[in-house]
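Below is one structure, written out as structure tokens, with a few remarks after it.
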Amino acid sequence: MDNSISNLLKNIGAGIIACFIALVIVATLNRYVLGVPLDFSDEFVGLLFATSSFISIVTSDLDREHITVQIVTSRLSPTLQRICRLAGDVATILFFVIILVEGYKFAAFSWQISARSENAALPVAPWMFGIPVMALSMILLRVLRLLGRA
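Numbering (our numbering), first residue to last: 51 to 200.
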């Protein structure tokens, strides 16, 4: 199940990256060949990049491709290694609970005031909700791991 979800998210992320690469190329050609810059391109590319970053956080954890430093823990007994993994999972859950709560407040406030990007006036609240969605995904993933289901 992890693999299929990860593959789906990776495909979505790849599509997002392809979109922002295409947009950068089109915007560059418009600006320097046609002399007509696309007002929204810089900000939209930034929003797409942030979205792909949120997706990569989840997929790297799903596939266990994140960076780990095991200089100390690899020398511990198997019991202490399990305790360290448990402590790491609990710390990760607590970290993402904070990100979830604060990210939701940030996104809800952006929604409430109809926040828009500075130059192109793109609505930013839908993109800001990516923060709590990513955090909730990470919390669920780590809880499932703790329960032995992921």
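Note that beta-carbon positions come from the ideal geometry of N, C-alpha and C, so glycine has one too.
Those residues which DSSP pairs with residue i across a bridge
i: P128; result: DSSP, once it has assigned bridges, lists no residue as partnering P128.
i: P176; result: Paired residue(s): none; P176 is not in a bridge.
i: R199; result: BP columns for R199 are empty, so no partner.
CB contact flag (residue i, residue j, <9 Å)
i: V108; j: L73; result: no
i: V174; j: A165; result: yes
i: S91; j: V76; result: yes
i: A157; j: M188; result: no
i: P182; j: I149; result: yes
i: T78; j: G180; result: no
i: K56; j: D113; result: Here residue 56 is Ser; the residue named in the question, Lys, does not match the sequence. Closer than 9 Å, so yes.
i: L172; j: E115; result: no
The alpha helix (DSSP H) enclosing residue i, as first and last residue numbers
i: P182; result: G180 to L196
Contact with chain C by residue i, beta-carbon distance below 9 Å
i: V183; result: No chain C is part of this structure, which consists of one protein chain only.
Quiz item: In chain order, which continuous runs of the alpha helix (DSSP H) of length 4 or greater are located wholly inside the segment 61-145?
Solution: 91-112
Self-check item: the segment 56-66 in contact with the segment 98-108 per 3-pair CB rule at 8 Å
Solution: yes
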